[in-house]
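Encoded as structure tokens, the structure appears first; notes follow it.
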Amino acid sequence: AGRKVALVKSGIFEPDDLNFRGQAPDPVLDENGWPDGDSPEVPPKRMPTSMLEVLTCDVDEKKWAAILQRDESMFKGAYQQYEFRYMAVHGPLMVFKLLQLAVVLYAGEPNSLTQLMAAGAVEVAQLLALVLTNPFTDPWIDALSKAGAVHQVGQLGLMGLFRADVAEDPGRRGAAFAMIALASAYFVLVVAVIAFVVVIPVYRAWKAAKEREKADRAEFEEKQEAVRREQEEAREAREEAAEQAAAKAAAKP
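Heads up: the sequence shown begins at 1 in the numbering used here, then just goes up one per residue.
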């Protein structure tokens, strides 16, 4: 939150760059790109003034990406994966981690129904927060975060169902198999996201670097061959000129 306030107050943004509740709307333009004279006059754009406007203001994705490329702050790792509007959401999302830890430590006896319900409430709240905000810039990370929350909620629900089934019939294991299937599906999704987000881009960058290196080597060899041909042609021209000069000298009486 403090870093976002510093960025907004640093002067790198113009009023036209920022969007927030209370910001003046864009003027209505005619077919020539000029303000339409028949539309009501709109007030000029302004910078956010209140802390709420500063923390909730948004900026164009391309401008935010350009800022992140030049950002050398030590706190960059805490907010670079979020949209500018949700730049300060990292702290609130970490609260859910603390609540999950508190549930394990203080919400009743281990493996009790009270602890299970408390953990489910925290996971559902986290899932709702992720669904309502969509805070991440990368759609793969956004999908993985939601899938992780759905996986946790589903596992907790299946744990409750498993306990109810075992209480009625100790031999019933359908919920346990469902838990294994859900965990396997989530694992496959995690592997796929890692492949698309990390492995494939790294491979493409490596392949592009190799292709550039190959093209540079071919260009260098072509230039070397051209220089060699020029030198060979110059040597042959000198030899021919020397032979002609010798022939002329021999032809003189």
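Just so it is clear, CB atoms sit at the ideal spot from N, CA and C, and this is done for glycine as well.
Note that this is a predicted model, so its numbers are computed, not measured.
Among the residues of its own chain, which have a CB less than 7 angstroms from the CB of residue i, if the five just before and after it don't count?
{"i": "L116", "result": "L156, M159 and G160"}
{"i": "A178", "result": "L158"}
{"i": "D142", "result": "N134 and F136"}
If you draw a straight line from the alpha carbon of residue i to that of residue j, how long is it in whole angstroms?
{"i": "K223", "j": "F187", "result": "52 angstroms"}
{"i": "G256", "j": "D165", "result": "This structure does not reach residue 256, given that the chain is present from 1 up to 253, and the question cannot be answered."}
{"i": "P201", "j": "K207", "result": "10 angstroms"}
{"i": "G108", "j": "A125", "result": "20 angstroms"}
{"i": "G148", "j": "L93", "result": "14 angstroms"}
{"i": "R173", "j": "A183", "result": "16 angstroms"}
{"i": "G11", "j": "E211", "result": "41 angstroms"}
{"i": "R70", "j": "R85", "result": "19 angstroms"}
{"i": "A181", "j": "Q152", "result": "13 angstroms"}
{"i": "A215", "j": "G77", "result": "36 angstroms"}
Taking the Cβ atom as the reference point for each residue, do residue i and residue j lie within a distance shorter than 8 angstroms?
{"i": "T133", "j": "Q81", "result": "no"}
{"i": "F162", "j": "V122", "result": "no"}
{"i": "L144", "j": "L189", "result": "yes"}
{"i": "L127", "j": "V150", "result": "yes"}
{"i": "D17", "j": "V54", "result": "no"}
{"i": "W140", "j": "V191", "result": "no"}
{"i": "V104", "j": "C57", "result": "no"}
In the structure shown, what three-state DSSP assignment does residue i receive?
{"i": "D142", "result": "helix"}
{"i": "Y82", "result": "strand"}
{"i": "F136", "result": "strand"}
{"i": "D216", "result": "helix"}
{"i": "D60", "result": "coil"}
Could you name the residues of the same chain whose beta carbon sits closer than 8 angstroms to that of residue i, not counting the 5 residues immediately before and after it, in chain order?
{"i": "R235", "result": "none"}
{"i": "G91", "result": "A1"}
{"i": "A129", "result": "P92, L93 and F96"}
Confirm the yes/no value for this check: CB of residue i, any heavy atom of the ligand FAD, distance under 7 angstroms.
{"i": "V199", "result": "Looking at this structure, you won't find the ligand FAD or any other ligand, since it has none at all."}
Please work out which residues of its chain come closer than 6 angstroms, Cβ to Cβ, to residue i, disregarding the five sequence neighbours upstream and downstream, and give them in chain order.
{"i": "K4", "result": "M87 and A88"}
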